[in-house]
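Comments concern the structure below.
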Amino acid sequence: MTPLVIIDAANVVGSVPDGWWRDRFGATERLRDNLAALPTQGLADLEPPIEVVMVVEGKARTVPASETIRVVPAPGSGDDTIVDLVRTESPGRSCYVVTADRGLRSRVTDLGASVLGPGSVR
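First residue of the sequence shown: 8, per our numbering; consecutive thereafter.
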C-alpha cells in the first residue's frame with residue numbers, strides 16, 4: 008500500500024525565517040509547489056510512489072491542491088486535522104508526519120505514525 012506523508016504546512020513554512028509571515032498564503036503555495044515531485048521521487052528512505060497531503064490553516068487555508076499534492080484545509084486546529092488524518096487514513100499503511108511540533112509529534116507517534124523534521128522536505 009502507498010505510504011502516506013502528511014505535511015504540517017504551517018510548521019514547515021515557519022521553520023525558515025524567510026519573511027513568510029508577510030505572506031502566509033504565498034509561502035504555503037510555494038511550499039506546495041516545491042513538494043510537487045515528492046510523490047514520484049520519494050522522500051528520505053521512502054521509495055516512490057508516496058501520497059502527499061499538506062494540511063493548511065489560518066490565512067493559508069484557501070491554498071488549492073495541485074496535480075500531485077492533496078491539500079486539506081483545517082477547519083480549526085491544524086494539529087487536530089493532522090491527527091484525524093493519521094487516525095482515519097493510515098490504518099494498513101506506513102504514515103509519516105512532517106513537523107517539528109513536539110506536541111503533535113507525540114500525538115501522532117501514539118497512533119503509530121513516524122515523524123520527519125521540516126528539513127526533510129525543504
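Even for Gly, the Cβ is constructed at its ideal location relative to N, Cα and C.
Rounded to a whole number of angstroms, what is the C-alpha to C-alpha distance between residue i and residue j?
{"i": "Q48", "j": "P56", "result": "7 Å"}
{"i": "E64", "j": "V115", "result": "18 Å"}
{"i": "P46", "j": "R129", "result": "15 Å"}
{"i": "A43", "j": "G83", "result": "25 Å"}
{"i": "T88", "j": "A81", "result": "6 Å"}
{"i": "L50", "j": "I76", "result": "14 Å"}
{"i": "S22", "j": "R37", "result": "14 Å"}
{"i": "V104", "j": "S127", "result": "11 Å"}
{"i": "P24", "j": "D30", "result": "12 Å"}
{"i": "G26", "j": "E74", "result": "27 Å"}
To which residues of the same chain is residue i closer than 6 Å at the C-beta, ignoring the five residues directly before and after it?
{"i": "N41", "result": "none"}
{"i": "C102", "result": "L11, V93, A120"}
{"i": "L53", "result": "P10"}
Write down the C-beta distance between residue i and residue j rounded to the nearest angstrom, noting that I regard them as a contact closer than 8 Å.
{"i": "V90", "j": "T106", "result": "Not a contact, Cβ separation roughly 11 Å."}
{"i": "I13", "j": "V78", "result": "Between V78 and I13 the Cβ distance is about 11 Å, and since that is not below 8 Å, they are no contact."}
What residues in its chain sit with their C-beta under 7 Å from that of residue i, if we drop five residues either side in the sequence?
{"i": "R112", "result": "T106, V122"}
{"i": "T9", "result": "P56, I57, E58, R100"}
For residue i versus residue j, is the C-beta distance shorter than 8 Å?
{"i": "V62", "j": "A34", "result": "no"}
{"i": "V70", "j": "R39", "result": "yes"}
{"i": "F32", "j": "A72", "result": "no"}
{"i": "P98", "j": "V19", "result": "no"}
Under 7 Å from any heavy atom of the ligand ADP, does the C-beta of residue i make it?
{"i": "D15", "result": "Of the ligands one can find in the structure shown there are none, so the ligand ADP has no counterpart to examine."}
Find the nearest neighbour of residue i within the set the options, judged by alpha-carbon distance.
{"i": "T95", "options": "L53, A51, I76, L118", "result": "L118"}
Excluding the 5 residues flanking residue i on each side, which residues of the same chain have their C-beta closer than 8 Å to its C-beta?
{"i": "D86", "result": "D15, D108, G110, L111, R114"}
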